[in-house]
Amino acid sequence: MTEKGRNINIGYRVFSAGQYKIRQRGKKYYVYSIEKDKEGNVRERYIGPLDKIIETYLGCGGFKWVPP
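Written as structure tokens, this is what we have:
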């Protein structure tokens, strides 16, 4: 965002991991899926807040680590 020729830092971070993007807004994190169509246009689809995704994942059994 630019205002009178100056760059304004919006104040959030973006983390990318494969086909997912995690954005920080204040103290919360939000997850987006990165999709590309046949023409090569990139589109982000909102999935939900990261804390709720983790709660759902752990509530369904989550990650089961088995020692070697």
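Per the working numbering, the sequence shown starts with residue -5, numbered consecutively. Cβ atoms here follow ideal geometry from the backbone N, Cα and C, with glycine treated the same way.
In terms of Cα proximity to Gln13, the closest of Ile41, Lys21, Tyr23, Gly20 is Ile41.
Here Tyr51 carries a helix assignment [DSSP, helix/strand/coil]. Pairing Glu38 with Ala11, the inter-Cα distance amounts to about 13 Å.
With contacts defined by Cβ atoms closer than 8 Å, Lys22 and Pro43 form a contacting pair. Relative to the Cα of Val25, the nearest Cα in the group Lys32, Pro62, Glu49, Phe9 belongs to Phe9.
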